[in-house]
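Novice:
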Amino acid sequence: GRRFFNLGKQEEAGPVQAGEGRLSRDNRALLQEALFDLLECKRLLDQVR
Numbered sequence: 122g123r124r125f126f127n128l129g130k131q132e133e134a135g136p137v138q139a140g141e142g143r144l145s146r147d148n149r150a151l152l153q154e155a156l157f158d159l160l161e162c163k164r165l166l167d168q169v170r
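Each number in the working numbering corresponds to the 1-based position in the sequence shown with 121 added.
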């Protein structure tokens with residue numbers, strides 16, 4: 122199954138502290154996967170226009 126940014130996890134629900142602005146490797150991979158999926162969806166939608 123696909124984790125979607127661990128929705129429902131509450132431990133990260135505070136203000137961002139110094140040094141936390143960088144994405145973890147897992148979150149970066151998830152964002153890249155989501156971006157790839159969205160670009161594929163756009164490509165398919167553009168084909169049927």
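Ideal Cβ placement from N, Cα and C applies to all residues, glycine included.
All of these numbers come straight from a predicted model, not from anything done at the bench.
Taking the alpha-carbon positions, what's the residue 147 to residue 169 distance?
Specialist: Between residue 147 and residue 169, the C-alpha separation is close to 34 Å.
Novice: Looking at the structure shown, is residue 152 part of a helix, part of a strand, or coil, going by DSSP?
Specialist: helix
Novice: Since residue 156 contacts residue 144 with CB under 8 Å, what's their CB separation in whole angstroms?
Specialist: With a Cβ gap of about 13 Å, residue 156 and residue 144 do not count as contacting.
Novice: Measure the alpha-carbon distance for residue 162 versus residue 150 and round it to whole angstroms.
Specialist: Approximately 18 Å between the Cα atoms of the pair.
Novice: When you compare only the Cα positions, how much space is there between residue 166 and residue 142?
Specialist: 34 Å
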